[in-house]
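There are 4 protein chains.
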Amino acid sequence: MSPRTAKQFKEIRENKSFLILNAALEMFANNGYHNTSISKIAKHANISKGLLYNYFENKEDLLIKIIDRGIEKLFQSFDTNSDGILTNEEFEFFIHENFRIIKENIPYWKLYFSMFFQPEVLSIMKDKLFMKINNLLNTIEKYYKNKGVKNPAMEARMYGAFLDGISMNYIMDPENFPLEDVKKYIIDKFCIIDNKKS
Amino acid sequence: MSPRTAKQFKEIRENKSFLILNAALEMFANNGYHNTSISKIAKHANISKGLLYNYFENKEDLLIKIIDRGIEKLFQSFDTNSDGILTNEEFEFFIHENFRIIKENIPYWKLYFSMFFQPEVLSIMKDKLFMKINNLLNTIEKYYKNKGVKNPAMEARMYGAFLDGISMNYIMDPENFPLEDVKKYIIDKFCIIDNKKS
Amino acid sequence: MSPRTAKQFKEIRENKSFLILNAALEMFANNGYHNTSISKIAKHANISKGLLYNYFENKEDLLIKIIDRGIEKLFQSFDTNSDGILTNEEFEFFIHENFRIIKENIPYWKLYFSMFFQPEVLSIMKDKLFMKINNLLNTIEKYYKNKGVKNPAMEARMYGAFLDGISMNYIMDPENFPLEDVKKYIIDKFCIIDNKKS
Amino acid sequence: MSPRTAKQFKEIRENKSFLILNAALEMFANNGYHNTSISKIAKHANISKGLLYNYFENKEDLLIKIIDRGIEKLFQSFDTNSDGILTNEEFEFFIHENFRIIKENIPYWKLYFSMFFQPEVLSIMKDKLFMKINNLLNTIEKYYKNKGVKNPAMEARMYGAFLDGISMNYIMDPENFPLEDVKKYIIDKFCIIDNKKS
DNA sequence: CATGAATGAGGTTTCATTCAT
DNA sequence: AATGAATGAAACCTCATTCAT
Numbered sequence: 288m289s290p291r292t293a294k295q296f297k298e299i300r301e302n303k304s305f306l307i308l309n310a311a312l313e314m315f316a317n318n319g320y321h322n323t324s325i326s327k328i329a330k331h332a333n334i335s336k337g338l339l340y341n342y343f344e345n346k347e348d349l350l351i352k353i354i355d356r357g358i359e360k361l362f363q364s365f366d367t368n369s370d371g372i373l374t375n376e377e378f379e380f381f382i383h384e385n386f387r388i389i390k391e392n393i394p395y396w397k398l399y400f401s402m403f404f405q406p407e408v409l410s411i412m413k414d415k416l417f418m419k420i421n422n423l424l425n426t427i428e429k430y431y432k433n434k435g436v437k438n439p440a441m442e443a444r445m446y447g448a449f450l451d452g453i454s455m456n457y458i459m460d461p462e463n464f465p466l467e468d469v470k471k472y473i474i475d476k477f478c479i480i481d482n483k484k485s
Numbered sequence: 288m289s290p291r292t293a294k295q296f297k298e299i300r301e302n303k304s305f306l307i308l309n310a311a312l313e314m315f316a317n318n319g320y321h322n323t324s325i326s327k328i329a330k331h332a333n334i335s336k337g338l339l340y341n342y343f344e345n346k347e348d349l350l351i352k353i354i355d356r357g358i359e360k361l362f363q364s365f366d367t368n369s370d371g372i373l374t375n376e377e378f379e380f381f382i383h384e385n386f387r388i389i390k391e392n393i394p395y396w397k398l399y400f401s402m403f404f405q406p407e408v409l410s411i412m413k414d415k416l417f418m419k420i421n422n423l424l425n426t427i428e429k430y431y432k433n434k435g436v437k438n439p440a441m442e443a444r445m446y447g448a449f450l451d452g453i454s455m456n457y458i459m460d461p462e463n464f465p466l467e468d469v470k471k472y473i474i475d476k477f478c479i480i481d482n483k484k485s
Numbered sequence: 288m289s290p291r292t293a294k295q296f297k298e299i300r301e302n303k304s305f306l307i308l309n310a311a312l313e314m315f316a317n318n319g320y321h322n323t324s325i326s327k328i329a330k331h332a333n334i335s336k337g338l339l340y341n342y343f344e345n346k347e348d349l350l351i352k353i354i355d356r357g358i359e360k361l362f363q364s365f366d367t368n369s370d371g372i373l374t375n376e377e378f379e380f381f382i383h384e385n386f387r388i389i390k391e392n393i394p395y396w397k398l399y400f401s402m403f404f405q406p407e408v409l410s411i412m413k414d415k416l417f418m419k420i421n422n423l424l425n426t427i428e429k430y431y432k433n434k435g436v437k438n439p440a441m442e443a444r445m446y447g448a449f450l451d452g453i454s455m456n457y458i459m460d461p462e463n464f465p466l467e468d469v470k471k472y473i474i475d476k477f478c479i480i481d482n483k484k485s
Numbered sequence: 288m289s290p291r292t293a294k295q296f297k298e299i300r301e302n303k304s305f306l307i308l309n310a311a312l313e314m315f316a317n318n319g320y321h322n323t324s325i326s327k328i329a330k331h332a333n334i335s336k337g338l339l340y341n342y343f344e345n346k347e348d349l350l351i352k353i354i355d356r357g358i359e360k361l362f363q364s365f366d367t368n369s370d371g372i373l374t375n376e377e378f379e380f381f382i383h384e385n386f387r388i389i390k391e392n393i394p395y396w397k398l399y400f401s402m403f404f405q406p407e408v409l410s411i412m413k414d415k416l417f418m419k420i421n422n423l424l425n426t427i428e429k430y431y432k433n434k435g436v437k438n439p440a441m442e443a444r445m446y447g448a449f450l451d452g453i454s455m456n457y458i459m460d461p462e463n464f465p466l467e468d469v470k471k472y473i474i475d476k477f478c479i480i481d482n483k484k485s
């Protein structure tokens with residue numbers, strides 16, 4: 288297919304749905320889901336309350352669509368090659384990707400993490416999300432297996448936990464986070480240099 | 288009959304207060320702060336709504352008291368010897384302590400982590416909490432410095448992030464978490480065996 | 288009868304009922320009836336809520352007793368000679384009495400006036416109060432009739448209204464009220480000097 | 288159908304706002320501010336509780352808007368010529384105005400007077416109100432000064448108090464109040480006929 | 001497609017009153 | 001006579017959602 292024209296892009300950008308999602312995301316992330324009223328979202332998106340209900344069924348639907356959109360985007364980056372086996376370069380690339388994606392949309396990731404601790408929200412997304420996460424962990428596990436690590440499942444899990452913890456810390460205060468040094472640290476700690484194996 | 292003594296009243300208050308805090312904690316942790324109404328808490332604690340307000344100023348006060356109680360308890364465990372320098376034994380002991388405390392009160396830790404992503408809730412506790420956390424990280428930093436690690440501040444920070452990530456994963460599904468293996472993994476990865484230094 | 292002994296006075300003064308009435312009066316007058324809770328009154332009177340209900344049936348009863356006590360006191364001053372005809376000296380004396388009584392218990396008079404505009408409260412006291420007031424006005428009317436004033440009923444009524452208005456203004460800001468000058472003004476305006484008649 | 292125009296919306300708001308203010312005024316005046324619940328007002332105005340909060344921020348805001356509207360209206364009548372000096376005709380005219388305005392909206396004036404004795408309510412309006420009242424009294428004072436009265440400030444103050452007292456009496460029972468006779472009485476007592484001066 | 005007035009259920013909070021001790 | 005824990009009705013207020021236009 289031919290690439291989208293500038294006009295098409297403009298249309299997409301101007302799409303009300305997109306605007307609303309952004310407005311809602313920002314407010315959910317900064318003020319919390321329950322603390323953000325539909326009224327405020329509509330005002331922030333410069334539309335009326337009524338119109339919002341033309342685009343989204345209800346408040347919860349809005350949240351789901353936001354999370355959906357984010358997950359989609361995240362796993363796109365990691366879906367390439369997901370069946371094959373990671374090289375060290377790919378492993379390192381994924382780390383960079385991980386933080387690039389977070390940096391790109393910090394509010395989203397605030398919301399994403401908060402979700403994990405709000406059971407009523409989590410239950411909506413749980414299945415879809417856990418499938419995706421398991422996929423990723425399996426890829427990492429294969430990587431470790433291939434490198435001859437003793438307990439690759441554990442290693443993958445610990446890697447995942449580490450990334451969770453670091454991402455959380457990053458999100459809490461992105462300005463003062465030594466991002467580049469941390470990336471190096473992760474690579475040093477979790478990427479298996481081949482002669483290290485011996 | 289003669290009226291109750293001051294001591295009797297005090298006892299009643301302490302017991303009831305304890306009951307309410309537990310009921311509220313459980314519900315806040317499982318359903319989220321905003322999703323839990325005072326009505327539901329009162330019902331869960333088998334008291335009237337009105338009585339709850341006899342014990343706590345308002346919903347926020349209830350949350351603060353819960354978090355306070357938890358923080359107090361947590362940092363008690365780590366306050367011993369906080370000025371001195373950790374030995375390896377102490378380092379390992381603290382890891383065991385960390386998980387023992389979490390295991391003891393999983394709902395509390397759910398609430399604790401969820402707090403970090405609910406800005407309007409976090410702001411209530413931020414100062415008190417961050418001071419305590421920094422204290423802990425400084426102790427860890429000294430440990431690494433003393434062991435001759437190159438960048439002890441970074442190492443301490445990464446250790447903290449790792450513990451955060453792992454604790455989070457533990458809380459999400461405590462039943463299926465290989466706790467003992469994980470502890471060993473952490474010790475292996477973050478405890479500096481002295482001849483390793485050279 | 289012999290005058291009350293110091294001991295008897297002390298008993299009266301210590302009477303709980305008296306204390307409670309005073310505490311309640313003060314708070315009703317300063318903060319409004321609906322804005323004053325039984326709890327606060329009990330605290331202010333240094334007793335428990337429960338005990339208050341030993342002395343007074345309920346909150347409204349407390350109010351009624353307060354107003355009652357005040358009216359009793361007020362009209363005591365004016366009841367002497369109420370059947371006879373006022374001399375100018377008595378007329379002037381009553382003006383002095385009026386302000387002396389107000390000065391003695393400003394909170395009470397704040398409450399008294401506020402009552403007139405709270406129908407649900409007024410209705411409780413209306414009959415008793417209006418009878419007393421009419422008595423007084425009749426005495427004044429007779430005074431004017433005897434002095435040969437043309438429309439003594441109207442004159443008495445206007446005198447009453449004037450005293451209401453001035454008392455109201457006095458109560459609002461007693462400190463800055465030129466009490467003595469005002470008394471003279473009233474006497475000059477409403478007391479009939481006999482040779483003025485001609 | 289096409290959506291309502293901005294003008295239509297404005298009209299709806301103004302009409303409904305007016306309705307609510309009237310309903311609230313009536314109930315505040317007849318039952319007292321604290322004795323009137325938002326629920327009752329809404330019912331009286333034939334709207335839902337929620338809608339009331341669409342129009343007024345809260346109960347206090349509703350009260351303020353009512354009082355504001357009344358003060359605005361009252362002082363409009365007296366603002367003409369306020370810098371110049373009153374003639375006798377104007378002085379008399381103002382007396383007629385005073386009672387005309389009260390007669391027009393008795394509930395409002397009940398509320399107005401009741402306010403003075405509800406401290407927590409008064410404090411809301413005090414400053415604005417006292418400024419307006421002082422303005423008026425100054426005009427009266429100038430009138431007396433110009434007529435050569437000895438103590439014009441006192442005379443103005445007494446005039447004000449008298450009008451307060453009479454207005455209060457009028458409001459309490461408008462049906463049986465000899466309005467016209469009273470007006471004459473006031474003019475006779477407080478309007479300075481020029482040859483009286485000598 | 002678009003508006004915001006309108007609803008009503010449900011949330012937080014207060015407080016007069018009762019009652020076991 | 002005295003306490004304050006406990007209740008429950010009712011207050012204020014919010015907000016997701018609907019709907020006439």
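Residue numbers (our numbering), protein chains in the order written: chain G, 288 to 485; chain D, 288 to 485; chain H, 288 to 485; chain X, 288 to 485.
Positions of the beta carbon are idealized from the N, C-alpha and C atoms, including for glycine.
In this structure, DSSP gives S454(G) a helical state, which the three-state scheme calls helix.
Legend: CB atoms of the stretch 368–402 of chain D lying less than 7 Å from CB atoms of chain G belong to residues K397, F400, S401.
The continuous alpha helix (DSSP H) containing I325(D) extends over residues 325–331.
Listed by position along chain H, the residues whose Cβ is nearer than 7 Å to that of P406(X) are N317, N318, G319. For F343(H), the secondary structure class from DSSP, reduced to helix, strand or coil, is coil. Within the stretch 434–456 of chain H, the residues whose Cβ lies closer than 9 Å to some Cβ of chain X are N438, M441, E442, R444, M445, G447, A448, F449, L450, D451, G452, I453, S454, M455, N456, listed in chain order.
Using a Cβ-Cβ cut-off of 9 Å, N421(H) is close to nothing in chain X; its nearest Cβ partner there is about 13 Å away.
Around the Cβ of M445(X), a 10 Å sphere holds 16 or more other Cβ atoms; the residue is buried.
Proximity of chain X to M459(H) at the Cβ level (cut-off 8 Å) is accounted for by F403, in chain order. When Cβ-Cβ separations below 7 Å define contact, Y472(D) makes contact with chain G. Within the same chain, and ignoring the five residues on either side of I354(H) in sequence, the residues whose Cβ sits closer than 6 Å to its Cβ are M412. Within chain X, M441 have C-beta atoms less than 7 Å from the C-beta of D468(H), given in sequence order. By the Cβ criterion, the stretch 334–346 of chain X is not in contact with the stretch 421–430 of chain X, since fewer than three pairs of Cβ atoms, one from each stretch, lie closer than 8 Å. Shown here for Y430(G): same chain residues with a beta carbon closer than 7 Å to its own, the five before and five after excluded, namely I372, L373, F378 in chain order. With a beta-carbon spacing of about 6 Å, I389(G) and S454(G) fall inside the 8 Å limit used to define contacts. Between I474(G) and K303(D), the alpha-carbon positions lie close to 52 Å from each other. Using a CB distance below 7 Å, the part of the stretch 320–338 of chain G facing chain D consists of H321, N322, ordered along the chain.
DSSP, reduced to helix, strand and coil, places V408(X) within a helical segment of the structure shown. Following the DSSP letters along the chain, one finds L306(X) inside the alpha helix (DSSP H) bounded by residues 293–318. Assigned with DSSP and collapsed to three states, S335(D) falls in coil, not helix or strand. Taking all protein chains in view, the Cβ of F477(G) is crowded by 16 or more other Cβ atoms within 10 Å, so the residue is classified as buried. Pairing M459(G) with G337(D), the inter-Cα distance amounts to about 37 Å. For P461(H), the three-state secondary structure derived from DSSP is helix. Cβ contact annotation for F362(D) (same chain, cutoff 7 Å, sequence separation greater than five): K419, in chain order. With distances taken between CA atoms, P406(G) lies nearest to H321(D) out of H321(D), E301(D), N333(D).
For S401(H), the uninterrupted alpha helix (DSSP H) run begins and ends at 393–402, by DSSP. DSSP places G435(H) outside both helix and strand once states are collapsed to three, so it counts as coil. Relative to M314(X), the option among F449(H), F404(H), P439(H), T323(H) whose CA is nearest is F404(H).
Taken through DSSP and simplified to helix, strand or coil, T374(G) comes out as coil. In this structure, K327(X) is the residue among I358(X), K360(X), V408(X), K327(X) with its C-alpha nearest to the C-alpha of I307(X). Annotation for I473(D): the continuous alpha helix (DSSP H) segment containing it runs 466–477. Taking S335(D) as the centre and dropping the five residues before and after it, the same chain places the C-beta of A329 closer than 7 Å to its C-beta, in chain order.
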